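Residue numbers (my numbering): 1475 to 1837.
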């Protein structure tokens, strides 16, 4: 089992943009020292919901200030990027980090972001697919050509070439059952954060993915299967409810940026309407029980073990820096998680012979 942290880069009341960026970098350095395996950086634009427009560029600073932690994106909004420029930046990060890069990608959903860059929302699916295909070519091949509906290139090579042969792994943000099945059928890696999705539905989705992998000859044991979830690890009812309140505040903020019925593309309007309605009706108790993984180290461990056993996940990514949660409380939670939760699973992995030696990990 691997463990990561997630960073959304929101600006809470009273904070400055400068403060958010500097403090987040400090938190990632701490996570590296505490033994977390990965950090995941979100991309957003034009609102204080998330102020990091370029996770890859920020990753350069992370690479220079850390030793071992993997630098992931969760996710790059591919329709908003020029594919060749993005390939160059990803390769540069891969080189500077010594191959410590994982690229999570997604189609995006916020109309204001598409409008700000002058990208028609109705083109998002086509732009996503073409950009993904070009990224894979640019990172794995020299002198390639590509002709799609939007992008056309002949005899192109991007530089620098990646440190990782074939380029860093690319994981696709996955939500719908059809996507789980389709990506499993072709052996594509996924990343997901299904907040408030009932465990039974998640299990069906992950079963679809695993079965599709097996049916088409892919060995799932060689894949990372990551799962993101808001986390607070600690003792005491006051801290527990403060974490749940902060999580609920975040979910309410999501309701302000998801597309309205007039903004969403036609086939997604019903989905976004249902999400908005659920957020509107959300209560603190519902957030506490279904909105994340909140509680003592023992309770957090139980939840992760359940997700591992029922969904098959092997890379647990905690949103330990929950937006609007007091920073000191979030850092204590991170340290508690590293002190009690990670060693529990490391011991299990060692007992099962799944952990390489320290020399192999650190080089």
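All C-beta atoms in this analysis are idealised placements derived from N, C-alpha and C, irrespective of residue type, glycine included.
Only a predicted model underlies this, so the values are computations on that prediction, with no experimental measurement involved.
With a threshold of 16 other CB atoms inside 10 Å of the CB of residue i, please say whether the residue is buried or exposed.
{"i": "residue 1619", "result": "exposed"}
{"i": "residue 1533", "result": "buried"}
{"i": "residue 1591", "result": "exposed"}
{"i": "residue 1624", "result": "exposed"}
{"i": "residue 1492", "result": "exposed"}
{"i": "residue 1828", "result": "exposed"}
{"i": "residue 1695", "result": "exposed"}
{"i": "residue 1568", "result": "buried"}
{"i": "residue 1675", "result": "exposed"}
{"i": "residue 1631", "result": "exposed"}
{"i": "residue 1657", "result": "buried"}
{"i": "residue 1826", "result": "exposed"}
{"i": "residue 1490", "result": "exposed"}
{"i": "residue 1769", "result": "buried"}
{"i": "residue 1687", "result": "buried"}
{"i": "residue 1808", "result": "buried"}
{"i": "residue 1601", "result": "buried"}
Helix, strand or coil for residue i per DSSP?
{"i": "residue 1791", "result": "strand"}
{"i": "residue 1679", "result": "helix"}
{"i": "residue 1805", "result": "helix"}
{"i": "residue 1702", "result": "strand"}
{"i": "residue 1713", "result": "helix"}
{"i": "residue 1736", "result": "Note that residue 1736 scores a pLDDT of 46, beneath 50, so its modelled location is shaky and nothing firm can be said."}
{"i": "residue 1726", "result": "helix"}
{"i": "residue 1504", "result": "helix"}
{"i": "residue 1576", "result": "strand"}
{"i": "residue 1796", "result": "coil"}
{"i": "residue 1495", "result": "helix"}
{"i": "residue 1476", "result": "strand"}
{"i": "residue 1686", "result": "helix"}
{"i": "residue 1674", "result": "helix"}
{"i": "residue 1846", "result": "Not covered by the structure: residue 1846. The range shown for the chain is 1475 to 1837."}
{"i": "residue 1781", "result": "helix"}
{"i": "residue 1832", "result": "Below a pLDDT of 50, predicted positions are generally treated as unreliable, and residue 1832, at 39, falls in that range; no measurement from the model is reported."}
{"i": "residue 1482", "result": "coil"}
{"i": "residue 1512", "result": "strand"}
Do residue i and residue j have their C-beta atoms closer together than 8 angstroms?
{"i": "residue 1697", "j": "residue 1654", "result": "no"}
{"i": "residue 1502", "j": "residue 1536", "result": "yes"}
{"i": "residue 1514", "j": "residue 1548", "result": "yes"}
{"i": "residue 1643", "j": "residue 1577", "result": "yes"}
{"i": "residue 1613", "j": "residue 1641", "result": "yes"}
{"i": "residue 1792", "j": "residue 1703", "result": "yes"}
{"i": "residue 1587", "j": "residue 1554", "result": "yes"}
{"i": "residue 1810", "j": "residue 1708", "result": "yes"}
{"i": "residue 1508", "j": "residue 1812", "result": "yes"}
{"i": "residue 1659", "j": "residue 1617", "result": "no"}
{"i": "residue 1430", "j": "residue 1633", "result": "Nothing can be reported for residue 1430, as the shown portion of the chain is limited to 1475 through 1837."}
{"i": "residue 1721", "j": "residue 1661", "result": "no"}
{"i": "residue 1638", "j": "residue 1710", "result": "no"}
{"i": "residue 1524", "j": "residue 1551", "result": "no"}
{"i": "residue 1647", "j": "residue 1671", "result": "no"}
{"i": "residue 1517", "j": "residue 1504", "result": "no"}
{"i": "residue 1539", "j": "residue 1499", "result": "yes"}
{"i": "residue 1636", "j": "residue 1605", "result": "no"}
{"i": "residue 1705", "j": "residue 1771", "result": "no"}
{"i": "residue 1788", "j": "residue 1699", "result": "yes"}
{"i": "residue 1801", "j": "residue 1607", "result": "no"}
Measure the beta-carbon distance from residue i to residue j and round it to whole angstroms, keeping in mind my assumption that it falls under 8 angstroms.
{"i": "residue 1782", "j": "residue 1480", "result": "So it is not a contact: roughly 18 angstroms between Cβ atoms."}
{"i": "residue 1484", "j": "residue 1797", "result": "4 angstroms"}
{"i": "residue 1506", "j": "residue 1477", "result": "No, residue 1506 and residue 1477 are not in contact; Cβ-Cβ is about 12 angstroms, not under 8 angstroms."}
{"i": "residue 1804", "j": "residue 1795", "result": "5 angstroms"}
{"i": "residue 1669", "j": "residue 1651", "result": "Rounded, the Cβ-Cβ distance is 17 angstroms, inconsistent with contact."}
{"i": "residue 1482", "j": "residue 1560", "result": "The pair is not a contact, with the Cβ atoms about 21 angstroms apart (cut-off 8 angstroms)."}
{"i": "residue 1598", "j": "residue 1582", "result": "6 angstroms"}
{"i": "residue 1790", "j": "residue 1701", "result": "6 angstroms"}
{"i": "residue 1584", "j": "residue 1677", "result": "About 29 angstroms; that fails the 8 angstroms criterion."}
**Any beta strand (DSSP E) of 3 or more consecutive residues that is wholly inside the stretch 1580–1666** = 1618–1621, 1626–1630, 1644–1647, 1663–1665
**Request:** Go through the stretch 1530–1570 residue by residue and report every complete run of the alpha helix (DSSP H) that reaches 4 residues or more, in order.
**Result:** none
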